[in-house]
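*Asks:* For reference, the structure I am asking about is given below.
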Amino acid sequence: MANKDPVYRRYNTLGFFISLAAIGYIILNLQPSSAQFSSPLISISKLIILTSLQFFLLAIVHNPLRIGQRIYAILNITLISAGVAVTSYHLWIQSSLAENPKTGDEYTQCHQPIEELFASQPNLLGKLTELVHASTFCPVSSMEQMTIGSAEQCLILFLILMLISWKNLTRKQKIKGSFL
């Protein structure tokens, strides 16, 4: 049964277009083609944003009643919370690296190309496990845009998407006769 309240659809469309723009921005600016390696944080962020984009698209197309909208919002908030946690952990690693920089094997292990990281894993689950391990234990290479690093940009994006999903989750039923 379709929902007649267009505000849910507006928030889901806004989340969809922000996620779509974020994927384009990540591909074009945060992960330049001249880079020899792909940052694990950028890779895990792309995965989380793509999944969130799919949830927003499903919510737009399906357009369920209030309970269904809340289920989609809870799924999105859970997914985006994982992105906030990984990004916050990267910011913590960066701040601790400023005090104690890594050298030697730890540095080369974290900065090998993503293809070499995946070469040792035969199946998809092993590759995802390796990506999550690399994204939590290796610092992100800081690509500065507008004096904000890539980890900070990912954190801002995740917080915006979480706010949109939160608005869908806490949306009250529309009172008859009111505009919003």
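The numbering used here applies: residue 5 is where the sequence shown begins, and numbers increase by one.
All C-beta atoms in this analysis are idealised placements derived from N, C-alpha and C, irrespective of residue type, glycine included.
Out of 89, 154, 152, 22, which has the shortest C-alpha to C-alpha gap to residue 56?
*Replies:* 22
*Asks:* Pull up the CB-CB distance for residue 51 and residue 91, whole angstroms please, since I reckon it's below 8 Å.
*Replies:* So it is not a contact: roughly 13 Å between Cβ atoms.
*Asks:* Alpha carbon to alpha carbon, how far is residue 34 from residue 165? Give it in angstroms, no decimals.
*Replies:* 18 Å
*Asks:* Please look up how many angstroms separate the CB atoms of residue 15 and residue 172, rounded, as I've assumed it's under 8 Å.
*Replies:* 5 Å
*Asks:* Give every residue of the same chain whose Cβ lies closer than 8 Å to the Cβ of residue 79, excluding the five residues on either side of it in the sequence, and list them in chain order.
*Replies:* 59
*Asks:* Kindly indicate the opening and closing residues of the alpha helix (DSSP H) around residue 34.
*Replies:* First-last for residue 34: undefined, no H or E at that position.
*Asks:* Helix, strand or coil: how does DSSP classify residue 174 here?
*Replies:* coil
*Asks:* Is the CB-CB distance between residue 20 and residue 53 below 8 Å?
*Replies:* no
*Asks:* Residue 153: which of 99, 175, 127 sits nearest, CA to CA?
*Replies:* 99
*Asks:* Could you check the C-alpha separation between residue 75 and residue 32 for me, to the nearest Å?
*Replies:* 32 Å
*Asks:* Roughly how many angstroms lie between the CA atoms of residue 85 and residue 162, to the nearest whole one?
*Replies:* Looking at the two C-alpha atoms, the distance is approximately 8 Å.
*Asks:* Using three-state DSSP, classify residue 80 as helix, strand or coil.
*Replies:* Looking at residue 80 - three-state DSSP - the assignment turns out to be helix.
*Asks:* Does the Cβ of residue 89 have 16 or more other Cβ atoms within 10 Å, making it buried, or fewer, making it exposed?
*Replies:* Around the beta carbon of residue 89, fewer than 16 other beta carbons sit within 10 angstroms, so the residue counts as exposed.
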